[in-house]
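2 protein chains.
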Amino acid sequence: MTSALLEHLRAAVGADHVLTDGDLAAYTRDWRGRRTGRALAVVRPASTQEVAAVVRACADAGTPLIPQGGNTSLSVGSTPDESGTQVVLSLTRMNRVRTIDRDNLTMTVEAGCILQTLQETADKEGLLFPLSLAAEGSCTIGGNLGTNAGGTQVVRYGNTRELCLGLEVVTPQGEVWDGLSGLRKDNTGYDLRHLFIGSEGTLGVITAATMKLFPQPAAQLTAWAAVPSMKAAVRLLGLAHRHLGAGLTGFEAMGQFALSLVARHMPQLRVPFAGMEGAPYCVLLENSDSESEAHARERFEHLLEQAIDDGCVLDAVVAESLAQAHELWHVRESIPLAQAEEGLNIKHDISIAASRIPAYVEYADALLQREIPGVRLVNFGHLGDGNLHYNVQAPEGGDAKAFLREQEARVNQLVYDAVAKFGGSFSAEHGVGQLKTGELTHYKSPVALSMMRAIKQALDPQGLMNPGCILAVE
Amino acid sequence: MTSALLEHLRAAVGADHVLTDGDLAAYTRDWRGRRTGRALAVVRPASTQEVAAVVRACADAGTPLIPQGGNTSLSVGSTPDESGTQVVLSLTRMNRVRTIDRDNLTMTVEAGCILQTLQETADKEGLLFPLSLAAEGSCTIGGNLGTNAGGTQVVRYGNTRELCLGLEVVTPQGEVWDGLSGLRKDNTGYDLRHLFIGSEGTLGVITAATMKLFPQPAAQLTAWAAVPSMKAAVRLLGLAHRHLGAGLTGFEAMGQFALSLVARHMPQLRVPFAGMEGAPYCVLLENSDSESEAHARERFEHLLEQAIDDGCVLDAVVAESLAQAHELWHVRESIPLAQAEEGLNIKHDISIAASRIPAYVEYADALLQREIPGVRLVNFGHLGDGNLHYNVQAPEGGDAKAFLREQEARVNQLVYDAVAKFGGSFSAEHGVGQLKTGELTHYKSPVALSMMRAIKQALDPQGLMNPGCILAVE
Numbered sequence: 105m106t107s108a109l110l111e112h113l114r115a116a117v118g119a120d121h122v123l124t125d126g127d128l129a130a131y132t133r134d135w136r137g138r139r140t141g142r143a144l145a146v147v148r149p150a151s152t153q154e155v156a157a158v159v160r161a162c163a164d165a166g167t168p169l170i171p172q173g174g175n176t177s178l179s180v181g182s183t184p185d186e187s188g189t190q191v192v193l194s195l196t197r198m199n200r201v202r203t204i205d206r207d208n209l210t211m212t213v214e215a216g217c218i219l220q221t222l223q224e225t226a227d228k229e230g231l232l233f234p235l236s237l238a239a240e241g242s243c244t245i246g247g248n249l250g251t252n253a254g255g256t257q258v259v260r261y262g263n264t265r266e267l268c269l270g271l272e273v274v275t276p277q278g279e280v281w282d283g284l285s286g287l288r289k290d291n292t293g294y295d296l297r298h299l300f301i302g303s304e305g306t307l308g309v310i311t312a313a314t315m316k317l318f319p320q321p322a323a324q325l326t327a328w329a330a331v332p333s334m335k336a337a338v339r340l341l342g343l344a345h346r347h348l349g350a351g352l353t354g355f356e357a358m359g360q361f362a363l364s365l366v367a368r369h370m371p372q373l374r375v376p377f378a379g380m381e382g383a384p385y386c387v388l389l390e391n392s393d394s395e396s397e398a399h400a401r402e403r404f405e406h407l408l409e410q411a412i413d414d415g416c417v418l419d420a421v422v423a424e425s426l427a428q429a430h431e432l433w434h435v436r437e438s439i440p441l442a443q444a445e446e447g448l449n450i451k452h453d454i455s456i457a458a459s460r461i462p463a464y465v466e467y468a469d470a471l472l473q474r475e476i477p478g479v480r481l482v483n484f485g486h487l488g489d490g491n492l493h494y495n496v497q498a499p500e501g502g503d504a505k506a507f508l509r510e511q512e513a514r515v516n517q518l519v520y521d522a523v524a525k526f527g528g529s530f531s532a533e534h535g536v537g538q539l540k541t542g543e544l545t546h547y548k549s550p551v552a553l554s555m556m557r558a559i560k561q562a563l564d565p566q567g568l569m570n571p572g573c574i575l576a577v578e
Numbered sequence: 105m106t107s108a109l110l111e112h113l114r115a116a117v118g119a120d121h122v123l124t125d126g127d128l129a130a131y132t133r134d135w136r137g138r139r140t141g142r143a144l145a146v147v148r149p150a151s152t153q154e155v156a157a158v159v160r161a162c163a164d165a166g167t168p169l170i171p172q173g174g175n176t177s178l179s180v181g182s183t184p185d186e187s188g189t190q191v192v193l194s195l196t197r198m199n200r201v202r203t204i205d206r207d208n209l210t211m212t213v214e215a216g217c218i219l220q221t222l223q224e225t226a227d228k229e230g231l232l233f234p235l236s237l238a239a240e241g242s243c244t245i246g247g248n249l250g251t252n253a254g255g256t257q258v259v260r261y262g263n264t265r266e267l268c269l270g271l272e273v274v275t276p277q278g279e280v281w282d283g284l285s286g287l288r289k290d291n292t293g294y295d296l297r298h299l300f301i302g303s304e305g306t307l308g309v310i311t312a313a314t315m316k317l318f319p320q321p322a323a324q325l326t327a328w329a330a331v332p333s334m335k336a337a338v339r340l341l342g343l344a345h346r347h348l349g350a351g352l353t354g355f356e357a358m359g360q361f362a363l364s365l366v367a368r369h370m371p372q373l374r375v376p377f378a379g380m381e382g383a384p385y386c387v388l389l390e391n392s393d394s395e396s397e398a399h400a401r402e403r404f405e406h407l408l409e410q411a412i413d414d415g416c417v418l419d420a421v422v423a424e425s426l427a428q429a430h431e432l433w434h435v436r437e438s439i440p441l442a443q444a445e446e447g448l449n450i451k452h453d454i455s456i457a458a459s460r461i462p463a464y465v466e467y468a469d470a471l472l473q474r475e476i477p478g479v480r481l482v483n484f485g486h487l488g489d490g491n492l493h494y495n496v497q498a499p500e501g502g503d504a505k506a507f508l509r510e511q512e513a514r515v516n517q518l519v520y521d522a523v524a525k526f527g528g529s530f531s532a533e534h535g536v537g538q539l540k541t542g543e544l545t546h547y548k549s550p551v552a553l554s555m556m557r558a559i560k561q562a563l564d565p566q567g568l569m570n571p572g573c574i575l576a577v578e
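Chains as they are written, first to last, in this note's numbering: chain R, 105 to 578; chain E, 105 to 578.
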């Protein structure tokens, strides 16, 4: 049975691209190394037709398929289980940019294209592909679509979902749905595109997509502000929306403890307003201007003056050069690494309506400090989208491994219960994967879950597409 | 059986709100008067719980339900068939604005709220709800969501879909899914919201929604440009994107024949560059600025100078006052009425990638003029979104009624085949309704249709929700 399937797979993609021996850890271990599975085979098709042939072969054999892009899931969404009976379908050889349509501001790209390659491709055309996130050098656009990735530019450009106009998908039956389209309006039936986006490979395999492009801004400026409270940060967000309009392309909040970890572990980085009295948070703002750098600066200064008058900003700097702007972003982006240097920690990727974030933070901070004395909260994230990476670090000097082992489940429950209390989401950007199926069952409404299960059953009745991801196998 | 159902409905919503007698044409005839059906009853619930009770009563009785908002569908999407066995579920009594969250830039509103009321509600808060379309004084947000309505601001703010963060829906089983949410990021399972948006009431009843709000622009300016070709209009669109960035909130193209009908039937309106030699199209542009009117004007003038240098604009005016801006928009918005004054015509609501529109128009214009000599093409629309209302008027002095009777099917086929040839959509904004189910079957890929049918079957196995809309009853 298995050898017949392997023969079919070899016939579909060529023997060189059906991997069964050697070190397959790059395909079978998840990005953060939380789980290592085993694969019956790793199959690497080079075209949509090859993907379809692979899916048909697996469907015929009743063999589960795990679609995989750059394998950078933070929720264990793209690796096989330990049974050794699942096939990993790696899309990385499907990495062509099929077309760029400058007048329509779109490009059609294959699922295996690396995100950074797409940014560079757009840039060469004098255009902008705004999706930007930490894993951009490794993750693929297919994975970004499968998980509806977010990142740092969402406040202006939306999530991956909002950047996609059309998809090509291989269905669980191995048929090709050509839903590629550069149309900005198309009201002809159910929006299958949005159903596949964010479905984490459980309903079919995204093989290509038509993505939006934007004109490059004439100038981009970055500012860094010290704020007296999270409430003030939210007020600053409102002012920034009003004064910069769509110019506001980044709005990141960072707690002083998160910044102190950067200062401690990356002493070469200069952290503005580090440890400033009365300023528990700093905010990084980015202003993209279609006119000129002078205009961007003038608008930024106008905003920051208003914010200082208002009291929601204590002090602020605007980067004087591109190098300075990169430095500021680099501080922000170094927080996860600084955290890792400090030791193991419990990560959360939550979202809450911006208006309720101050109350949530006050509530959750107090709760955790009461429940787990000495716990340290590494709170930072894309406040412009209501998205916080609300991470929990072991008490200073404590045994981080023991902390994780003993406290992780409890901390998660405390945090996610608090998030639910404030109407938020336990997974803003990272998806559900295999990691958070329990949270999905617990926090999602039974009505929604029952519709999701009905849709899964309708489109993938054999249950072969990425089983155990999103919806727990029953 | 029927009387038992009526009893249940009366118990659910009160006898006063179950209409069975008198003139029910407002509920049973479609907006353009193409079809008049009969209803078993028109039921007008005032709350989500009442909607759920109505849906359960109909589900128990096996009675089809037609959800209806303002009944302004242009595709016969919200009226019953002629059998007299269907219940119209009118949402117009569910018209409360539940909450406005200024800091989160959202409002949660009930499905029966009139679009214009929502615009005014936002305005009173100093905020903008940007959805804007011809029927805004009558249509409801529930209908806008059900059909994913477009309108004039899509080039900047997207369709209704892009403006919605969360939904409350009564399922075909009469359960309430509370998916209301002001979250801008939430990756926890399949995106049911986007499945319901645009499903035209065939998968459940949208009862409320959380919608995005925006800061009001500090200034809004309108310009009118004469362009030497459709190709030039597309080039102007590219320049406008580059120079105005997200300031570009409107980009409408209008053929000179469409404008000549306005000049003929509304002689009181001044049409700039009417009939100008070498200028087959005019373009209306809107620039919304977060800074000031002076800045908006300066940016507009800069753009138009560049465009005149480039040759894609022959001449242009920028409105000097709000009154002048309204006049320009009024000319654009008068085209449908002027067309109606000229006589019956065959309407199309198509979209094509902006880059391919010039070739499409050249091809389709020549084709129609060859196939139906003397035919007159009323071409105008939201070029910024690739959306044209490519309408076909009987030859001058001809019998319009006879023309419609004899030519409508053929004209539709010529136009939609041409649209398909250029990768476009036969329904950009108006949805499928009962009117275009044949087009859906013909032009949509069988793979997509089969997934749509599977989803319909999974969520509405009894087939009671707006049957015959989108997917033809088999």
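C-beta atoms are modelled at their ideal positions from N, C-alpha and C, and glycine is treated no differently.
Residues near R:Ala420 by beta carbon distance below 8 Å, same chain, minus five either side: Translated into the one-based positions of the first sequence, residue 420 of chain R becomes position 316. Once the five neighbours on either side are set aside, the close Cβ partners of R:Ala420 are Ala327, Trp328, Ala329, Ala330, Leu408, Ala411, Ile412.
Inspect the beta-carbon positions of E:Gly501 and E:Ile461 and report whether they are closer than 8 Å. In the second sequence, the residue the question calls residue 501 of chain E occupies position 397. In the second sequence, the residue the question calls residue 461 of chain E occupies position 357. Not a contact, by the Cβ cut-off of 8 Å.
Express the C-alpha separation of E:Gly488 and E:Gly254 in angstroms, rounding to a whole number. To locate residue 254 of chain E, count along the second sequence from 1; it is residue 150. To locate residue 488 of chain E, count along the second sequence from 1; it is residue 384. C-alpha separation (whole angstroms): 12 Å.
Below 8 Å, can you find three or more Cβ-Cβ pairs linking the segment 178-197 of chain R to the segment 114-134 of chain R? yes
Nearest to E:Pro477 by CA position, among E:Glu466, E:Arg139, E:Ala498, E:Asp125, is which residue? In the second sequence, counting from the first residue as 1, residue 477 of chain E sits at position 373. Among E:Glu466, E:Arg139, E:Ala498, E:Asp125, the Cα nearest to that of E:Pro477 belongs to E:Ala498.
Assuming R:Lys228 is part of the alpha helix (DSSP H), what are its boundary residues? Taking the first sequence and counting its residues from 1, one reaches residue 228 of chain R at position 124. Start and end: 219-228.
Can you give the Cα-Cα distance for E:Gln223 and E:Met315, rounded to whole angstroms? Here residue 223 of chain E corresponds to residue number 119 of the second sequence, with the count starting at 1. Here residue 315 of chain E corresponds to residue number 211 of the second sequence, with the count starting at 1. Straight-line Cα distance between these residues: approximately 11 Å.
Helix, strand or coil: how does DSSP classify E:Cys162 here? Taking the first residue of the second sequence as 1, we reach residue 162 of chain E at position 58. Here E:Cys162 sits in helix by DSSP.
Should E:Ala238 be listed as close to the ligand ATP, given that the test is whether its C-beta is under 7 Å from any heavy atom? By its list of ligands, the structure shown contains no ligand whatsoever, and the ligand ATP lies outside what it can speak to.
Alpha-carbon to alpha-carbon, R:Ala442 and R:Gly262: The residue you call residue 262 of chain R lines up with position 158 of the first sequence. The residue you call residue 442 of chain R lines up with position 338 of the first sequence. Note on geometry: alpha-carbon atoms of R:Gly262 and R:Ala442 lie some 28 Å from one another.
Any beta carbon from chain R within less than 8 Å of E:Val611's own beta carbon? Nothing can be reported for residue 611 of chain E: it is not among the residues displayed for chain E, which extend from 105 to 578.
Using a Cβ distance threshold of 8 Å, determine whether the segment 293-301 of chain E contacts the segment 381-397 of chain E, with at least three qualifying pairs required. no
Just reading off the beta strand (DSSP E) that R:Ile456 is part of, what are its end residues? Here the question's residue 456 of chain R lines up with position 352 in the first sequence. Neither: R:Ile456 is in no beta strand (DSSP E) and is coded neither H nor E.
The alpha helix (DSSP H) with E:Gly246 in it runs from where to where? For the purposes of this step, residue 246 of chain E is taken as the residue at position 142 of the second sequence. Counting along the chain, the alpha helix (DSSP H) containing E:Gly246 begins and ends at 245-251.
Taking the straight line between their C-alpha atoms, what separation do you get for E:Ser438 and E:Leu363? Taking the first residue of the second sequence as position 1, residue 438 of chain E is located at position 334. Taking the first residue of the second sequence as position 1, residue 363 of chain E is located at position 259. Going from the Cα of E:Ser438 to the Cα of E:Leu363 covers about 9 Å.
For the alpha helix (DSSP H) that E:Gln538 lies in, which residues bound it at each end? Translated into the one-based positions of the second sequence, residue 538 of chain E becomes position 434. First-last for E:Gln538: undefined, no H or E at that position.
Buried or exposed (CB count within 10 angstroms, at least 16 for buried), E:Thr256: Taking the second sequence and counting its residues from 1, one reaches residue 256 of chain E at position 152. Answer is buried; the Cβ neighbour count reaches 16.
Counted within 10 angstroms of its Cβ, other Cβ atoms place R:Pro184 as buried (16 or more) or exposed: To locate residue 184 of chain R, count along the first sequence from 1; it is residue 80. The residue is buried, with at least 16 neighbouring Cβ atoms inside 10 Å.
State the CB to CB distance for the pair E:Leu472 and E:Val496, rounded to an integer number of angstroms; the pair is presumed to be in contact (CB under 8 Å). Taking the first residue of the second sequence as position 1, residue 472 of chain E is located at position 368. Taking the first residue of the second sequence as position 1, residue 496 of chain E is located at position 392. About 7 Å separates the two Cβ atoms, so the contact holds.
For the segment 450-461 of chain R, which residues have a beta carbon sitting closer than 8 Å to at least one beta carbon of chain E? Ser455, Ile456, Ala457, Ala458, Ser459, Arg460
Take E:Ser455 and list the residues in its own chain whose beta-carbon comes closer than 6 Å to its own, dropping the five residues that flank it on each side. Within the second sequence, the letter at position 351 stands for residue 455 of chain E. The answer, listed in chain order, is Gly490, Asn491, Gly528, Ser529, Ala532.
Chain-ordered chain R contacts of E:Pro319 [CB-CB under 7 Å]: Sequence index remark: in the second sequence, residue 319 of chain E carries index 215 (1-based). Residues of chain R passing the Cβ test: His345, Arg346, Gly349.
At which residues does the alpha helix (DSSP H) containing R:Ser364 begin and terminate? Here residue 364 of chain R refers to the residue found at position 260 when the first sequence is read from its first residue. Start and end: 360-369.
Is it true that the CB of E:Leu235 sits closer than 8 Å to the CB of E:Gly188? Indexing the second sequence from 1 puts residue 188 of chain E at position 84. Indexing the second sequence from 1 puts residue 235 of chain E at position 131. No. Outside cutoff.
Kindly list the residues whose CB is nearer than 6 Å to the CB of R:Ala576, restricted to its own chain and excluding five residues on each side of it in sequence; keep chain order. Position 472 of the first sequence, counted from the first residue, corresponds to residue 576 of chain R. Cβ within range, chain order: Thr541.
Exposed or buried, E:His452, counting other C-beta atoms within 10 Å across all chains shown (16 or more means buried)? Residue 452 of chain E sits at position 348 when you count from the first residue of the second sequence. Buried, by the Cβ-count rule.
Counting only Cβ pairs nearer than 8 Å, list the residues of chain E close to R:Ala552. In the first sequence, the residue the question calls residue 552 of chain R occupies position 448. Trp281, Gly283, Gly293, Leu296, listed in chain order.
Counting only the same chain and skipping the five closest in sequence on each side, list residues whose C-beta sits under 6 Å from that of R:Glu240. Here residue 240 of chain R is taken as the residue at index 136 of the first sequence, counted from 1. Around R:Glu240: Leu219, Gln220.
If the cut is a Cβ gap below 8 Å, which residues of chain R does E:Thr251 touch? For this step, residue 251 of chain E is matched to residue 147 along the second sequence. One finds Asn291 in chain R with Cβ atoms closer than 8 Å to the Cβ of E:Thr251, taken in chain order.
Check whether the Cβ atoms of R:Ser179 and R:Gly537 lie closer than 8 Å to each other. What you label residue 179 of chain R is simply residue 75 of the first sequence in a count that begins at 1. What you label residue 537 of chain R is simply residue 433 of the first sequence in a count that begins at 1. Their beta carbons are under 8 Å apart, which means R:Ser179 touches R:Gly537 by this criterion.
Entirely enclosed alpha helix (DSSP H) segments - the segment 414-498 of chain R, minimum 4 residues: 426-437, 439-446, 461-475
Quick check on E:Leu539 - is its C-beta less than 8 Å from some C-beta in chain R? Looking up residue 539 of chain E in the second sequence gives position 435. Not an interface residue.
Cβ distance (whole Å) where E:Thr212 is taken to contact E:Arg202 below 8 Å: As a first step, residue 212 of chain E must be located in the second sequence, where it is residue number 108. As a first step, residue 202 of chain E must be located in the second sequence, where it is residue number 98. In this structure E:Thr212 is in contact with E:Arg202, their Cβ atoms being roughly 4 Å apart against a cut-off of 8 Å.
By the 10 Å Cβ neighbour count, where 16 or more other Cβ atoms means buried, how is R:Ser396 classified, buried or exposed? Looking up residue 396 of chain R in the first sequence gives position 292. Counting Cβ neighbours within 10 Å, R:Ser396 comes out exposed, since fewer than 16 surround it.
Between E:Glu381, E:Gln372, E:Gly351, which has its C-alpha nearest E:Glu402's C-alpha? Along the second sequence, read from residue 1 onward, the residue named residue 402 of chain E stands at position 298. Among E:Glu381, E:Gln372, E:Gly351, the Cα nearest to that of E:Glu402 belongs to E:Gly351.
If you measure from the beta carbon of E:Lys228 to each beta carbon in chain R, is any gap under 8 Å? Sequence index remark: in the second sequence, residue 228 of chain E carries index 124 (1-based). Cβ-Cβ to chain R under 8 Å: no for E:Lys228.
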